[in-house]
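This report concerns only the one structure given below.
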Amino acid sequence: MRAQALIKDNSKGLTVKSYPIAAKPVSAKAGFDIRQLNTLEEIEAISDEWRRLEALCPDTVLFQSYDWCCNFHVFAEETRTGEGRFRPIVVIIRKNGTLVGLMPMALQTKRKMKLLTGFTEPFQQYTEILLDPSVEVAGLRNAFVAELKKTGADYLHFGQVRQDGKLAELLEGIARPSGELDAAPFVAISDFYDHETYLKTIRSKTRKNLRNARNRLERDAELVHHVGRDGDLMREVVARVYEGREAWLERLGITSRAFRDENFEAFLKRFSDDDKAKGVETLAMSLKHGGVPVSDQWGFVFRGRYYAFMATWNPLYEAASPGRLHLGEVIKTCFDEGLATADFLMPASSYKMTWTDQAVPVTDYVLATSLRGKLYCGLWLDLVRPLAKRIFFKFPAGIRGSIMKMFLRVAG
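Just so we're on the same page, my numbering is the position in the sequence shown counted from 1, plus 22.
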């Protein structure tokens, strides 16, 4: 029996549900046929089977869907700047000829270290496996991990694994958690009769404070929420959010793996170009005060779930709690759109927890598969990196920025 940790953080008002999972006995005669696909042609050849498996799985995650992965693969080929920059490894699992499991991964090389990670890292959120509900996870575990080890990676990295998913169960006892445990807040829209019913679950003091903040703004100009799935609004929100997040990282003196990638901005713009990212449904939202953007957010809609991918807010409106105000409008839009869930993704920021008390635990997992990988995971990930991170965040933002730029120059 495995029981996930129950997190309570009174400073954030955070409560994360536990997800007990009973381990099933290993089936000695599982009869799985596991292999790897490495080319776009091979991947496209199983598109119908991939989509059938998506439909069969009750909780398919957008970032492991065929349309998301295929779009990224085409983009990676278009922007390839060097041999070995992107090597796809889609692990497929068949039983009696039927596709019953699939996990899109990629082999990346960083400073002579080979790691097997999520197919669209560092641009994706959540790593998960598509698995037919009839498959016993315990009966698949050893054979699946053995196949991953054949890739020649120094270590396996599974980023942002939800603790209520099949992958967390599959990795139990094999891979170990790495880094900080975080959570992904969400609102189960379908649990409520309507938006008004949902609002009654929010603290009255919180609603009053946000209502007062809104009223203060509307004394000067009208506050209007704009929603669109494509066109000019989508293009302006995607561009503004990227610029806003980049400036925010600069102010804090930090960076992120996605923003360090030279192709990240081009990848994002793909979703605001009507002719490029086929099959991936987008949703853009902008809260404007007299025509001036106060807060922007955009994301994806997949199988009734809204994924809040990126957001930013206007620093000039900081006193009005723009993130909190806008998230309330985002949730109302999800009700209006008839969606089942609004997923705010990681991290479990306080402005997100204003609107919900539910969040799923999320963490990374790693598994070293070579001596070099064991040294890297044991020394850097377990010892040096956590200590360096603690020291780093004790410095003022300006100094952090200088340290980060120096580190990136040295690291190449």
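Note that the Cβ used here is the ideal one computed from N, Cα and C, for glycine as well.
Keep in mind that this is a model prediction, so the values were computed, not measured.
Requested in this report: Can you check the region 279-304 for any beta strand (DSSP E) of at least 3 residues that lies completely inside it and give the ranges in chain order?
Outcome: none
Query - Reduced DSSP secondary structure (H/G/I, E/B, other) of W320 - result: W320 falls in the strand class under three-state DSSP.
Query - Integer-rounded CB distance, given that A243 should sit under 8 Å from H311 - result: 5 Å
Query raised in the report: Nearest-angstrom Cα distance between A333 and V263?
Result: 6 Å
Query raised in the report: Does the region 183-191 come within contact of the region 214-225, defined as at least 3 CB pairs closer than 8 Å?
Result: no
Query raised in the report: Exposed or buried, what is F85 when buried is set at 16 or more other beta-carbons lying within 10 Å of its beta-carbon?
Result: buried
Query raised in the report: Since M375 is in the beta strand (DSSP E), which residue starts that stretch and which ends it?
Result: That residue, M375, is in no beta strand (DSSP E); its alpha helix (DSSP H) goes 372-375.
**Report entry** Buried versus exposed call for K172 [16 or more other C-beta atoms within 10 Å across all chains shown]
**Finding:** exposed
Query raised in the report: What is the DSSP secondary structure of A25, reduced to helix, strand or coil?
Result: With a pLDDT of only 35 at A25, under 50, the local geometry of the prediction cannot be trusted, and the value read off the model is given with reservation. Note: A25 maps to coil in three-state DSSP.
Query raised in the report: DSSP puts W335 in a beta bridge; with which residues?
Result: By DSSP's assignment, W335 forms a beta bridge with S317.
Query - Continuous alpha helix (DSSP H) stretch holding G161: start and end - result: 159-171
Query raised in the report: So is the beta-carbon of G250 under 7 Å away from any non-hydrogen atom of the ligand MN?
Result: Here there are no bound small molecules, and the ligand MN is not part of this structure.
Query raised in the report: Grouping DSSP H, G and I as helix and E and B as strand, with all else coil, what is Y148?
Result: coil
Report task. Using alpha carbons as the reference points, say which of F94, T385, S372, L397 lies closest to F180. Result -> T385
Report task. Check whether the region 134-149 touches the region 73-89, counting contact only when three or more Cβ pairs, one atom from each stretch, lie closer than 8 Å. Result -> yes
Requested in this report: Below 7 Å CB to CB, which residues in the same chain sit around F97 once its five sequence neighbours on both sides are set aside?
Outcome: Around F97: F289, R292.
Query raised in the report: When the Cβ atoms of the region 237-253 are set against those of the region 292-311, are three or more pairs found closer than 8 Å?
Result: yes
Query raised in the report: Per the contact definition of three or more C-beta pairs closer than 8 Å, is the region 389-406 in contact with the region 196-214?
Result: Contact between the region 196-214 and the region 389-406 is present: 3 or more CB-CB pairs across the two stretches fall below 8 Å.
Report task. Assign E99 to buried or exposed, taking buried as 16 or more other Cβ atoms, counted over all protein chains shown, within 10 Å of its Cβ. Result -> exposed
**Report entry** Spatial distance of A67 from L59 (CA atoms)
**Finding:** 10 Å
Requested in this report: Compute the Euclidean distance between the alpha carbons of D31 and S156, then round it to the nearest angstrom.
Outcome: Low local confidence applies: a pLDDT of 43 at D31 is under 50, so the model's placement there is unreliable, and no value is given.
Report task. Pull up the CB-CB distance for F141 and I56, whole angstroms please, since I reckon it's below 8 Å. Result -> With a Cβ gap of about 17 Å, F141 and I56 do not count as contacting.
Requested in this report: Provide the residue span of the beta strand (DSSP E) that contains V382, from first to last.
Outcome: 381-390
Query raised in the report: Going by alpha carbons, who is nearest to V159 out of V122, Q130, Q182?
Result: V122
Query - Best match in D254, A269, L255, L75 for proximity to I115 [C-alpha to C-alpha] - result: L75
Query raised in the report: Roughly how many angstroms separate the alpha carbons of T103 and T304, rounded to a whole number?
Result: In this prediction, T103 scores a pLDDT of 49, lower than 50, which makes its location untrustworthy; the coordinate-derived value is nonetheless stated afterwards. So the two alpha carbons sit approximately 28 Å from each other.
**Report entry** For G123, three-class secondary structure by DSSP
**Finding:** Under the three-state reduction of DSSP output, G123 falls in the strand class.
Query raised in the report: Which same chain residues, not among the five before or five after E169, have their C-beta less than 8 Å away from its C-beta?
Result: I56, R57, Q58, V113
Requested in this report: Tell me whether I115 sits in a helix, a strand or coil according to DSSP, three-state version.
Outcome: strand
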